[in-house]
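Trainee:
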Amino acid sequence: MLAYAIKRSFAAFLILIVVSGLTFSLSHLSADPALTIAGEQASDEDIQAIRELYGFDRPIYIQYLEWAGRAMTGDFGESYHYGERVSTMIAGRIGTTMSLGVLAILFALIISIPLGVVAAMRPNSLVDRFALLVAVFGQALPTFWFALMMIIVLGVWWRWLPISGNDSWAHFVMPTIALGYYATPALMRLTRAGMIEVLGSDYIRTARAKGLSPTVVLFKHALRNAIIPVVALAAVWFGFMLGGSIVIETIFNLKGIGWLSYDALLRSDLPVVQAIVLIFASLYVVLTLAADLVNAWLDPRISVR
Amino acid sequence: MSILEVENLTVDIPVAAGMLHPVRSISFSVEKGETLCIVGESGCGKSLTSLALMGLLPKAAIRRADKLLFRGEEIGDLPERKMAHLRGGAMSMIFQEPMTSLNPAYTIGDQLMEVFRRHVTRDKAAARDRAIYLLEKVGISSAASRLGQYPHQLSGGLRQRVMIAMALMCEPELIIADEPTTALDVTIQAQILHLLAELQNEFDMGLILITHDLGVVARIADKVQVMYAGRTVEEGPARAVFDSPQHPYTQGLLRCIPIPGKTKRGERLGAVPGIVPNLVGDLSGCMFRNRCPHAAPVCATADDSLVTGPDGHANACIRPEPERVAEAVA
Amino acid sequence: MKMKTFVAASMLAALASTSTMAGPDDDSLIVAWGSTGPIENVDNYFNTNRTGIWFSRMVWDQLIYREPKTFEFKPLLAESWEALSDTTWQFKLRQGVKFHNGEEFDADDVVFTLNWISDPANGVKVQRNVNWIESAEKVDKYTVNVNMKKPFPQAFEFLSGPITIYPNEYYAEVGPDGMHKAPVGTGPMKVVAIETAEEYVLEKNPDYTWGSPKGEAQVSKMVVREIADVQTQIAELLAGGIDITADITADHVDQIGGFPGFTALQAGTMRTGYIGFDAAGRGNFEPTTKLAVRKAMAMAIDRESLVTNLIRGDAGVIHTPCFPTQFGCDESFAAKWDYNPEMAKQLLAEAGYPDGFEIEFYTFRPADWAEAIMADLSKVGIKASLTKMPYFALRDKQRNEGTTPMFLMDWGSYSMNDMSAITSHFFKKGPDDFAMDDQVAAWLEEGDTSPDSEIRKAAYAKAIEKITSEVYWLPMFNHVRNYGFNENLSFIPYQDEIPRFWQYGWNG
Amino acid sequence: MTMISTPGKSFDEIAQETLEPSPFSKLRKRIFGNYSFLAGLIIIMAIFAMALLAPLIAPHNPYETDLASRLMNPFWHEVKTDEEHPLGTDKVGRDYLSRLVYGAQISLLIGFSTMLISGTIGTVLGVAAGYFGGRVDMVVNFIINTRLAMPVFLVAMAAVVAFGASLMVVILVLGLFLWDRFAVVMRSITMQARDLDYVKAARAMGCSTPYIIVREIFPNVIGSLTVVATVEMANAILLEAALSFLGFGVQAPTPSWGLMLNEAREYMFFSPWLLALPGACLFLLVLAINLFGDGLRDVTLEKGR
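Protein chains in written order, with our numbering: chain P, 1 to 305; chain V, 1001 to 1330; chain S, 2001 to 2508; chain U, 3001 to 3305.
#1: Can you tell me whether P/F10 is buried or exposed? The criterion is at least 16 other CB atoms within 10 Å of its CB, across all chains shown.
#2: How would you list, in chain order, the residues of chain S whose beta-carbon sits under 8 Å from the beta-carbon of U/L3071?
#3: Of the choices V/C1037, V/I1176, V/A1143 and V/A1238, whose alpha-carbon is the least far from that of V/R1087?
#4: Got a sec: is the Cβ-Cβ distance from P/S201 to anything in chain U below 8 Å?
#5: How do the segment 271-280 of chain P and the segment 3181-3191 of chain U stand: do at least 3 beta-carbon pairs fall below 8 Å, yes or no?
#6: Closer than 8 Å between beta carbons: that is the criterion. Which residues of the segment 3-33 of chain P meet it against chain U?
#7: What span of residues does the beta strand (DSSP E) with S/L2489 cover, start to end?
#8: Would a check of beta-carbon distances place S/S2085 closer than 8 Å to chain U?
#9: Which same chain residues end up closer than 8 Å to S/E2470 when comparing Cβ atoms and leaving out the 5 residues on each side of it in sequence?
#10: Looking at U/A3288: is its Cβ nearer than 8 Å to the Cβ of U/I3044?
#11: Which of helix, strand or coil does DSSP assign to V/P1277?
#12: Assuming U/S3244 is part of the alpha helix (DSSP H), what are its boundary residues?
#13: Just the C-alpha distance for U/M3050 and S/D2314, rounded to the nearest angstrom, thanks.
#14: Does S/Q2495 have its Cβ less than 8 Å from a Cβ in chain U?
#15: Can you find a C-beta in chain P that's less than 8 Å from the C-beta of U/F3112?
#16: Any idea which residues DSSP pairs V/M1019 with across the strands?
#17: Under the DSSP definition of a beta bridge, which residues are partnered with S/K2181?
#18: Less than 8 Å between the beta carbons of U/V3227 and U/R3181, yes or no?
#19: Assign S/G2276 to one of three DSSP states: helix, strand, or coil.
#20: Compare the C-beta of V/E1073 with all C-beta atoms of chain P and state if any pair is closer than 8 Å.
#21: Run the CB neighbour count on S/N2168, radius 10 Å, all protein chains shown included, and call it buried at 16 or more, exposed below.
#22: Residue range of the alpha helix (DSSP H) that P/D263 falls in?
#23: Is any beta-carbon of chain P found at less than 8 Å from that of S/A2239?
#24: Whose Cβ in chain V lies nearer than 9 Å to the Cβ of P/L212?
#25: Determine the extent of the alpha helix (DSSP H) in which P/G101 is found, giving its start and end residues.
#26: Identify the contact partners of S/L2386 in chain U, using a Cβ-Cβ distance below 8 Å as the criterion.
#27: Looking at C-alpha atoms only, which residue of P/L22, P/S282 and P/S79 is the closest neighbour of P/P33?
#28: Return the chain-ordered list of same chain residues with a C-beta closer than 6 Å to the C-beta of U/N3034, the five sequence neighbours on each side being excluded.
#29: From the DSSP output, in three-state form, read off S/S2135 for me.
#30: Under DSSP, the beta strand (DSSP E) around P/F172 begins and ends at which residues?
#31: Would you decide whether P/R205 is buried or exposed? Buried here means 16 or more other CB atoms lie within 10 Å of its CB.
#32: What does V/A1314 pair with, by DSSP beta-bridge criteria?
#33: For S/W2210, which three-state DSSP category applies?
#34: Shorter than 8 Å from the beta carbon of U/V3067 to some beta carbon of chain P?
#35: Would you mind stating whether S/G2328 and S/M2419 have Cβ atoms separated by less than 8 Å?
#36: Hey, is the segment 2083-2090 of chain S in contact with the segment 2217-2233 of chain S, meaning 3+ C-beta pairs nearer than 8 Å?
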């Protein structure tokens, strides 16, 4: 177990180095940070001075190593634009993004698991047809377009829900639906497939032969085994959703780190972009590890090697 | 009073091509402490018969029976909820596939105790004691520590022992074992059968053993029922059936196995040639006729009901041996 | 069943949210801005946002007030002033003014502020605003002398604009970070709460009763929400979440104006749009280095049609590389390039491009303006391919690589009514200069530093004449700012692109 | 090197979810007629034909501006319509119908090109990992994990900023990012195929590796490859739309549906059709590709079992 954890952590660490290295080079291609820091009216001398002060004149790998070294201690430097510490800025905003991500994945699971289960249990029923519609539409609906349509109808025409900001839970309803809906088809598909497979399995027959109530058979014996793959996929989707939060946060004016990364890209605020890429990547790595551990707990056959 | 009395049990399954008739009007009964063996080839309807008894047929299947008496009470029309209370309690079942019949996500202790706590008492400690007692009974060493293990940590033989223990948890009066040894190694097969027979004796239960292995039947059966294509073709006390098989199918089957003391060393084992017929649509006559060495045109139309002999030994051959002999003489 | 509950819950939520809705009912005003990004630090000296200027006018005051309609200079924190020399101004300060934290306003505050911001070590973001100040000295409690490094004719533009007066004791203690978290000034609104990039809560300064020409606040409470997306701003406006936005487009004005309960209007500003050409050949693109080509392009573009159809409002075609109200910006010296595609084709042929050429075209503004220009150019055979980039990335590319042969940009002159704020920025051979004309640079330098306004005007006139006849820039039009607001709001736009939000109250 | 083998459970789930036959095939048949696959194909062919024949179908040049007749209403409106422009005009007076027609070219071009690039990368990596196993598999796993850890959307935006937004850059960026599913699926299918008896036999007979991969393995993976290709094509089209929508995609005046959505946003509350039409086109195309892919999956599955 310990050896496994160490191996996984080492691999995760390597992944983060590669990802951050790539991003670092990419973002340094895009803009001269000295200019961004100096502001519009700076003279050439000012810019040169800043370049030397921050060490932008050194080879990029040295800059990267220095950045990575500090990043490991949680120090991502200062935002060129806001002048604030990047760690502070992200700490203040990550909550919004995480809430949105968690709400969205919960929404997706709450929709997709019951729908998938019912679809598996009662093929051709009305619910199953509804599930079909959800799936076919969900896969083809551009998220941002769906979000805009919701704003038009729910926000402006009917005035049911607040359109922008994050003051109350009501502000999260539309973003959650917009973001969560996209993950629903994949999760539902897997739930249904898993459920059909499990319901036809020998151990479910055993459970029924034991005279267990249908509820126990369904929830204790079938669902647990059927959602094992769903958990793993949900973790992957959670990662995707954090990425997708960029568009959604921008549309709904939710100032999480998705929005922050968009804003930072617009103004070439490299330390912020790098830090957020690294955080998204770390989240993915941690989440997949967590998903594997949860799986190991749900399914004792997956021994933690 | 029989523990189980079945009269004219029929199972129909609608399929794309029409109505499939996998079990057609079969009857039998099991007494306390008695072992009934149902034998036949794959697809003869014996597994469906067992599932029909337990009320575990697939949703699409239609079950009908003139009588389905368990402990003298009709269970054919019991609602699912009441049926569930019988299953695992007074009647339990052991399946063919020990490797997959246990839920991989729970410990065997959990799965053993679960059935006890459902039918007998919610008391966890009592369930645990019972589980340990039975695990020891079925020959599993250090039973207490096994409770915390997961199925994948056990071998196939051990799992089948666990399945047997599970079937015994609530002191059932009837156990239905559907080919409990097919998936196991030959050496372990013998152990498990021996165990089953022993436990049946000890707890004085009725046992229905479903198998295609006549060797097994010869060793433990009190009564034998031979099924072919959804019909009972021969039934009777084990000794009678083995000593003088009457139906050509039974005769064919018996030639396929070496029977201790009967088959001579070096003798060729027979085989039943041909394939099992399609059971979809309207069926009439003897279904074995296309494989039967003695088939005659009358076999296609005549009634194939069982005709019982004086010792309770019955068979369904339309042209029973005396007729065939008579023909041969004529 | 579940659906019903959900619907009911949503409706409740809506009721809850409407109870805090904007509107005249509770004497509050909710403003949305931020389409160009949030203010990074509301400390006036540490941001470069247009909205930073809007914010600063609410919270702080300058020494001098520039009347936004007539451009006259009037007393604000300074009651009167006189020139002691070419390089020294003496200001008599107003008495009885208090900062929001109760600190009394006097010479110490002015001296501290001016000396602090002019010290390069303190890193004020726009050095140009402050680097002309040599020092400030206290004469007595209400008299201050301001010394300039050299004669600086535009000094009042700065003293009435970007240079706001800070409380010395407070600022010395908290610095820019503290000022950002809890701004303190003398202005008509005082800050209750700051949430960076989210919202600012302000309330009326009850002590702003000393007769400031800026006037007292008209509402008791104001909330400013940073909303980057214009559509979201509009959605909020229509749904009643905000009362006013200044970020909308010309088409929105028609649309919102047609919506019952809302008013929208366009107001011309001094923000000057232009097409710049790489005449100096910084990016090694040959065609734009030829005068005939630049002239041809100038004549190929139908600026009138662009203004009438796309910009609208009271925008107009501009012929000067500066805004005509600005000091020195005399239109009569500018060469005018009327729309004449036939002539343009002819010039192109003469320049050796009878079949036109391909050119990269850069902008950061919405693409429709550029697209209309490209369509015009294609009619004379010039195929332009558009690259739309974020503002900062484009500036970066221009200044570092110079590989932008043609670009549609604009400049707001920091709302300063002096052409040095625009022309001198672009034509004095800095990193933004794509003409690199020594003569122009020299004339501009002369105009920027001469104390004599006649000499300045003459020097600027020469620069204008050369820039326009050489077509270093093709000046396009002045931008229009478009406002949409609740019809009950008493709103007045200003040409300097600074809405005075505190002046807007509720009718009736 | 052994340390970096981390094929988390999520790999399998991505592969499984992708290849899981549509649970709704029967239902889908009921709703969309007997052959939804055919329906998808017909829509795709129609859009394809529209793209190819755009110059014949489109009533106007999609680039031709006319400021005097800008923002004309579509035919169903009562005022400000023009028979010349059945679907009205956009904000610089270009014919909206023509732009929609030409938009098919862009979406299909992006979908196909991205799919080709990412398909090549992913297939090479996946087949190599699945066929050779061992260290090759470890390295490929690491690459896949690294790729999955990158927040695609954010990094794609950063890349577009770095290299400048253009059709070519968008295609390249998406192509270089969207190969993960190809790799994961190809890896798992190749692994199964490698253990088939006749493949083993071919190896035992000493056939060369390229021969085995091309002649024995490839026919086995081609079905799944096509399925993944449809998924990724739909994905690429949606991502391009999202990038263009945020202004990080193709450049104006390219008639891309995503960019049209971006431009139409300005009018979303007052001329919603400007937003609805390109959105619906996008939706229809992606829906058709999904239906087609689902149908293909069913066919592949039947053949495979």
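No residue lacks a Cβ here, since even glycine has one placed at the ideal position from N, Cα and C.
Mentor: Taking the geometry as given:
#1: exposed
#2: D2251
#3: V/I1176
#4: no
#5: no
#6: K7, R8, F10, A11, A12, L14, I15, L16, V18, V19, L22, T23, L26, S27, L29, S30 and A31
#7: Neither: S/L2489 is in no beta strand (DSSP E) and is coded neither H nor E.
#8: no
#9: A2279, L2291, R2294, A2435 and D2437
#10: yes
#11: coil
#12: F3218 to L3246
#13: 43 Å
#14: no
#15: no
#16: V/P1014
#17: For S/K2181, which the question treats as bridged, DSSP gives no partner whatsoever.
#18: no
#19: strand
#20: no
#21: buried
#22: I257 to L266
#23: yes
#24: A1084, R1087, G1088, E1114, V1115 and R1118
#25: V86 to M121
#26: Q3251, A3252 and P3253
#27: P/S79
#28: Summary for U/N3034: the model assigns pLDDT 46, below 50, so the residue's position carries little reliability; its value from the coordinates is reported in the next sentence. No residues qualify anywhere along the chain.
#29: strand
#30: Premise fails: P/F172 is in no beta strand (DSSP E) and is neither H nor E.
#31: buried
#32: V/E1235 and V/T1308
#33: coil
#34: A small fix is needed here, since residue 3067 of chain U is Leu in this sequence, not Val. Not an interface residue.
#35: yes
#36: no
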